[in-house]
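Colleague: Below is the structure I would like to discuss, written out as structure tokens.
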Amino acid sequence: MKTHTLLITGSKAKEFAADVAAVFKGVFQNDIDKLRGDAPLSLHSLCECDYSSHPGSLVVLTVGSLDMGTYADCENAISSLLVERWQNPSLNADKIFPIISRIASYTICLTN
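Its first residue numbered 95, the sequence shown is counted upward by one per residue in the working numbering.
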């Protein structure tokens, strides 16, 4: 059974994630943009569609600090924000982009 990943941003992201949690078996992580050090690497294995430690689950990740009012292209805005926030001496863009590719199966951008 495959794992599916939702990456959600916007002012209603946490509220939406809570609503989904009430209905689906899932794994939830709010504010992934606040992860530091090597922590973002853990998302790669969590969201592995064929070999997840939580097969058949819906993985819901939220990005809490993106102002949707200023971005027309949500997916690119999320990618840029995550690269900016996660980049550090041990985690460069070459490692970050594959993580983003894995976790962004479905992207939802919510506004008020």
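Even for Gly, the Cβ is constructed at its ideal location relative to N, Cα and C.
Taking only three categories from DSSP, how would you classify L129?
Modeller: Coil at L129, not helix or strand.
Colleague: How long is the line joining the alpha carbons of D243 and V154, rounded to whole angstroms?
Modeller: This structure cannot settle anything about residue 243, because the visible part of the chain is limited to 95 through 206.
Colleague: Following the continuous beta strand (DSSP E) through V157, name the residue where it begins and the one where it ends.
Modeller: It spans L152 to V157 - the beta strand (DSSP E) in which V157 sits, taken as one unbroken run.
Colleague: Mind checking which residues open and close the alpha helix (DSSP H) that includes C203?
Modeller: Element bounds for C203: not the alpha helix (DSSP H) but the beta strand (DSSP E), Y200 to L204.
Colleague: Use the C-beta contact count for D167: other C-beta atoms within 10 angstroms, 16 or more gives buried, fewer gives exposed.
Modeller: With fewer than 16 other Cβ atoms within 10 Å, it is exposed.
Colleague: Buried or exposed: which applies to A107, given that a residue is buried once 16 or more other Cβ atoms fall within 10 Å of its Cβ?
Modeller: With 16 or more Cβ atoms within 10 Å of its Cβ, A107 is classed as buried.
Colleague: Start and end of the beta strand (DSSP E) containing L135?
Modeller: L135 -> not in any beta strand (DSSP E); alpha helix (DSSP H) instead, spanning L135 to L140.
Colleague: What is the DSSP secondary structure of N170, counted as helix, strand or coil?
Modeller: In this structure, N170 counts as helix in the three-state DSSP scheme.
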